[in-house]
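Residue numbers (my numbering), protein chains in the order written: chain A, 1 to 413; chain B, 1001 to 1262.
Written out as structure tokens, the structure reads:
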């Protein structure tokens, strides 16, 4: 099993009452509430957390990116990935992921990632995402072409990594006269690509068709298993057998010395759960054309309060009860994680351990306890349950670079 | 004022698409180009205009029940489809009545064939960047708030859409919105080249604006007059962006008076 540390890097030092007064904390919540002095302190605290996570035995550090919101301070995941490439020695640097449609030049992303891969001596895992709805608005990118841009940018990046340059690329959204960057990845044929996601079936199918592991982001056990069913069925269709090595799971997990303290801190996870991306106007988080047409009715109803959010999260107590949030002293957390591992059988797990206003001291304690007590128990359980990571299973990086595909059944006459 | 209208409905194949076209009335042909929020089936203004004109009301490709052209990338493309439609109908010289976003389409159509339209009537047209203020960004407001912003008098909105519009209406607005994004996302709801292409238009032109327009600032009218110095300007007092829905009698009066003179 591959186990990662994750924090969303919250800008927790903003005045919360201002957010409540404004009615949203994303996209349009004025950045006059951002305090760069606190920002500077927090960025450096996150670096300290990452260093400790490596020291206590995590296999990877997961990074992400969001814009115009206090719940995530990373406006460019590649910047933190670059820092980790230089200051860590062993952990995989797992970007989940670069929001491809936001880029006007995917070759630039390919170059940056190649540099990170070389500087880290081949430790990059390069995830790709579509970016949240309000990310499209924050960067002025057309939400109606989000998926087209995602797929086209992906094709351009993987070609840039694997096809000798120079070559020319003429797509519908990207047009590159000369593709010939003098930075190519160290890992061959290219760094592993993992695809994170929440509710979009199209993305699950797309990931499976490319043989990229899919990382379910903080979904319920039931949702997660439904995602695996879809993924595994698609995998069979394209000629490989899926399993834990293609299944990743991000879980909110906080550990403290006592159950009481852990539960108290874990309440901070609800800090950013007003909606998928914090307290956001639903129109911003789901611009027209961003989601698949089958979700149109649900989203327009939700947008005026006629329906509940398709991404709605239950109360904190329910989330604790249903293991959506796992919190407690190490023994408590180990037992619950074991249960979740049995129920969902992932080969990749990301522990979203600290969020909101959890103090730096408590965050570091959490990481230490995870490393000392929880990780060894998880590894033991993973061995027992035969939950292998893509690295342990030595899976090919993609369908394109697979040599073990079953012949596809011939179409019926 | 007449309230309803008996439309003759058909699907017209244009540019590989099936365009939904409604026709009614007798008189010189008037192509009505609807808003970025689509159009209701019935409007008092339509019923009244049908007494003076042969009304042609297509649904833009990608809006309402007209098929979406996945290839379409600009409002100019959309204008070309409507020129094709007029050619198909054998009515290349139909007068054009463009409402808001439809005004932009009408202006594009006129710029493509400067001698053709019998008259050009633009009601609070989008399409040119206002010198002051900006065209209201629908991406940041709910469907209902955006539609309501078109009205100075909210009672007029309630009378047409209901105080609490149906989910079907919301879905329709969302489909419109998606198509708006597909063709007019950046620059948002305007063209940087259109102002330079309008000088050749020979059609008598009426520029009509609600004095209380919160969607396209009245300041934009100044840029339109610079681009089309021969255009006649009219402002409707106490009226928002959607003149045909909020002050239908006033709109019909101005349009028919102008058309008779033109």
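All C-beta atoms in this analysis are idealised placements derived from N, C-alpha and C, irrespective of residue type, glycine included.
Cα-Cα separation between residue 166 of chain A and residue 3 of chain A, rounded to whole angstroms = Within the first chain, numbered from 1, the residue matching residue 166 of chain A stands at position 166. Within the first chain, numbered from 1, the residue matching residue 3 of chain A stands at position 3. Each residue's Cα considered, the two are about 38 Å apart.
CB-CB under 7 Å to residue 345 of chain A, same chain, minus the five flanking residues each way: which ones, in chain order?
-> Taking the first chain and counting its residues from 1, the one referred to as residue 345 of chain A is at position 345. So the list reads 244, 247, 385, 387, once near-sequence residues are dropped.
The region 1008–1027 of chain B touching the region 1216–1233 of chain B, judged by at least three CB pairs closer than 8 Å | no
Buried or exposed for residue 1224 of chain B, please, with buried defined as at least 16 other CB atoms from any protein chain shown within 10 angstroms of its CB.
-> Position 224 of the second chain, counted from the start, is the residue given in the question as residue 1224 of chain B. That one is buried.
State the beta-bridge partners of residue 354 of chain A as determined by DSSP.
-> Position 354 of the first chain holds residue 354 of chain A. Note: residue 354 of chain A sits in a beta bridge opposite A:7.
Any contact of the region 1047–1064 of chain B with the region 1159–1169 of chain B, i.e. 3+ C-beta pairs under 8 Å?
-> no
Could you tell me whether any Cβ in chain A is nearer than 9 Å to the Cβ of residue 1140 of chain B?
-> Numbered from 1 along the second chain, position 140 holds the residue referred to as residue 1140 of chain B. Taking Cβ atoms only, chain A reaches closer than 9 Å to residue 1140 of chain B, which makes this a yes.
Taking any Cβ of chain B, which residues in the region 285–314 of chain A have a Cβ under 7 Å from it, in chain order?
-> 287, 288, 289, 296, 297, 300, 301, 303, 304, 306
By how many angstroms is the C-alpha of residue 270 of chain A removed from the C-alpha of residue 264 of chain A?
-> By 1-based counting over the first chain, the position of residue 264 of chain A is 264. By 1-based counting over the first chain, the position of residue 270 of chain A is 270. Distance between the alpha carbons of residue 264 of chain A and residue 270 of chain A is about 11 Å.
Have a look at B:1200, B:1172, B:1205, B:1252 and flag the residue whose alpha-carbon is nearest the alpha-carbon of residue 289 of chain A.
-> Translated into the one-based positions of the first chain, residue 289 of chain A becomes position 289. Comparing Cα positions, the closest option is B:1172.
Provide the residue(s) that pair with residue 1205 of chain B in DSSP beta bridges, ordered along the chain.
-> Here residue 1205 of chain B refers to the residue found at position 205 of the second chain. Bridge partners of residue 1205 of chain B: B:1120.
Note down, in chain order, every chain B residue with its Cβ under 8 Å from the Cβ of residue 142 of chain A.
-> Looking up residue 142 of chain A in the first chain gives position 142. Correct list: 1181, 1182, 1185, 1186.
Option nearest residue 380 of chain A by Cα separation, candidates A:195, A:400, A:334, A:368 = The residue you call residue 380 of chain A lines up with position 380 of the first chain. Among A:195, A:400, A:334, A:368, the Cα nearest to that of residue 380 of chain A is on A:334.
Residues from the region 133–166 of chain A in contact with chain B, defined by Cβ distance under 7 Å | 137, 140, 142, 143, 144
Neighbour flag for residue 423 of chain A against chain B, beta carbons, 9 Å | The question about residue 423 of chain A has no answer here: the residues shown for chain A are numbered 1 through 413.
Quick one: which chain A residues come within Cβ less than 8 Å of residue 1178 of chain B?
-> Start at 1 with the first residue of the second chain, and residue 1178 of chain B comes out as number 178. Within 8 Å Cβ-Cβ: 144, 288, 289.
To the nearest angstrom, report how far apart residue 110 of chain A and residue 116 of chain A are at their CA atoms.
-> Sequence index remark: in the first chain, residue 110 of chain A carries index 110 (1-based). Sequence index remark: in the first chain, residue 116 of chain A carries index 116 (1-based). Going by the C-alpha atoms only, they are around 10 Å apart.
Using a Cβ cut-off of 9 Å (strictly closer), state whether residue 1209 of chain B contacts chain A.
-> Taking the second chain and counting its residues from 1, the one referred to as residue 1209 of chain B is at position 209. For residue 1209 of chain B, the answer is no, since every Cβ of chain A falls outside 9 Å of its Cβ.
Taking only beta carbons into account, state which residues of the region 25–36 of chain A come closer than 9 Å to chain B, listed in chain order.
-> 27, 28
Residue from B:1220, B:1241, B:1206, B:1232 whose Cα sits closest to the Cα of residue 1095 of chain B | By one-based count along the second chain, residue 1095 of chain B stands at place 95. The option with the nearest alpha carbon to residue 1095 of chain B is B:1206.
Range of the contiguous alpha helix (DSSP H) that encloses residue 79 of chain A | As a first step, residue 79 of chain A is located in the first chain; it is residue number 79 there, counting from the start. It spans 77–87 - the alpha helix (DSSP H) in which residue 79 of chain A sits, taken as one unbroken run.
Does any C-beta atom of chain A lie closer than 9 Å to the C-beta of residue 1057 of chain B?
-> Stepping through the second chain from its first residue, residue 1057 of chain B is reached at position 57. So no, residue 1057 of chain B is outside the interface.
Give the straight-line distance between the Cα atoms of residue 277 of chain A and residue 133 of chain A, rounded to the nearest whole angstrom.
-> Counting from 1 along the first chain, the entry for residue 277 of chain A is found at position 277. Counting from 1 along the first chain, the entry for residue 133 of chain A is found at position 133. With a pLDDT of only 47 at residue 277 of chain A, under 50, the local geometry of the prediction cannot be trusted, and no value is derived from it.
Which whole-angstrom value is the C-beta distance of residue 367 of chain A and residue 96 of chain A, which I expect to be below 8 Å?
-> As a first step, residue 367 of chain A must be located in the first chain, where it is residue number 367. As a first step, residue 96 of chain A must be located in the first chain, where it is residue number 96. 19 Å between Cβ atoms; not a contact.
How would you call residue 325 of chain A, buried or exposed, if buried means at least 16 neighbouring beta carbons within 10 angstroms?
-> Locating residue 325 of chain A in the first chain gives position 325, where the first residue counts as 1. When all chains shown are included, residue 325 of chain A counts as buried.
How would you write the range of the alpha helix (DSSP H) that residue 51 of chain A sits in, first residue to last?
-> Within the first chain, numbered from 1, the residue matching residue 51 of chain A stands at position 51. Run containing residue 51 of chain A: 36–55, per the alpha helix (DSSP H) assignment.
Got a sec: is the Cβ-Cβ distance from residue 281 of chain A to anything in chain B below 9 Å?
-> Position 281 of the first chain holds residue 281 of chain A. Judged by the 9 Å Cβ criterion, residue 281 of chain A is in contact with chain B.
Taking just the CA atoms, how far does residue 77 of chain A sit from residue 1004 of chain B?
-> On the second chain, residue 1004 of chain B is found 4 positions in, with the first residue counted as 1. On the first chain, residue 77 of chain A is found 77 positions in, with the first residue counted as 1. Cα to Cα, the separation comes out at about 57 Å.
Under the three-state DSSP convention, the category residue 174 of chain A falls into = In the first chain, residue 174 of chain A corresponds to position 174, counting from 1. The answer is coil: DSSP assigns residue 174 of chain A none of H, G, I, E or B.
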